[in-house]
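*Asks:* Read in order, the letters of the sequence shown are residues 658 to 730 in my numbering.
Heads up, the beta-carbon is just placed ideally off N, CA and C, and yes, glycines get one too.
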Amino acid sequence: MGIANAIRFAWREKEMEPFGRETFGRTILLGVLKLEVKDVLCLQANPLEGAYDVVLHTEGKHDEVMGRLKVVE
């Protein structure tokens, strides 16, 4: 069972210089996705996986963000 309202952001180019947690939050979450601080319950860095896990406060906000993201496999 996964965590509700969670989104994993991971990069295919693992050699790319990683964003710091604060830079990711400000640039991607607050800047590109236009989230507000109150929308984010948790932002966790996973440096070994080159990813960030973001948990949003509401299912509605999660669905809104997922509608704007492109999933690349």
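Counting only the same chain and skipping the five closest in sequence on each side, list residues whose C-beta sits under 8 Å from that of H714.
*Replies:* N662, K695, D696, V697 and L698
*Asks:* Give me whichever residues DSSP pairs with L700 in a beta bridge.
*Replies:* The partner list for L700 (beta bridge, DSSP) reads V711.
*Asks:* Apart from the five residues on each side of it in sequence, which residues of its chain come closer than 8 Å, Cβ to Cβ, to E693?
*Replies:* L687
*Asks:* Assign R669 to one of three DSSP states: helix, strand, or coil.
*Replies:* Three-state DSSP puts R669 in coil, outside helix and strand.
*Asks:* With a threshold of 16 other CB atoms inside 10 Å of the CB of E730, please say whether the residue is buried or exposed.
*Replies:* Confidence at E730 is low in this model, with a pLDDT of 45, below 50, so its placement is unreliable and the value that follows should be read with caution. Burial call: exposed.
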